[in-house]
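Here the structure is laid out as C-alpha cells; the discussion comes afterwards.
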Amino acid sequence: MKTLTALFTAAALALGANAAFAKDVQPDEVVKLVNAKTIKSLDELKAAAVAKHPGSTVTDSELEDEYGRYIYKVELRDTQNVEWDVALDAKTGEVLKDERDN
C-alpha cells in the first residue's frame, strides 16, 4: 500500500512540475517576439488553426513558453458546434496537436 501511495505521489509531483514550466506570454512580449521574427504573427497562427477546421470560430487563444519553445494554443468551435484544441509551434506554424475537446 505504501508503494502505491508513493507512486501516486511521484506521478502527481511530476505532472505538477511539468505544468509549472509552461508560462503565458504577456501581450507586450508577444509584440516584441513578432517584430523580431521570433514567432509568426498571431493572425497567421490563427489562420493556420482555422484551416484545420474550415468555417470554425476561434473561441480562445494563448501563447505559452514551454521549455523555451513558443506554443500557440487555439480553441475552436466548428460549424457543427464541436470544440477543438489546436496547438501550433509559434515559430514555424507547424500543427503539434489537433484534438476534439471533450
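Read in order, the letters of the sequence shown correspond to residues -22 to -1, 1 to 80 in mature numbering (1 follows the signal peptide of the UniProt record, and there is no 0).
Backbone N, C-alpha and C define an ideal beta-carbon position, used for all residues, glycine too.
Within the model, the alpha-carbon separation for P32 versus D6 is close to 30 Å.
Ranking Q58, Y45, G71 and G46 by CA distance to the CA of V52 puts G71 first. Contact check for D67 and S34: beta-carbon distance about 20 Å, past the 8 Å limit, so the pair fails to qualify. Per DSSP, V12 is one residue of the alpha helix (DSSP H) stretching across P5 to N13.
By the C-beta density criterion, V60 is exposed, having fewer than 16 other C-beta atoms within 10 angstroms.
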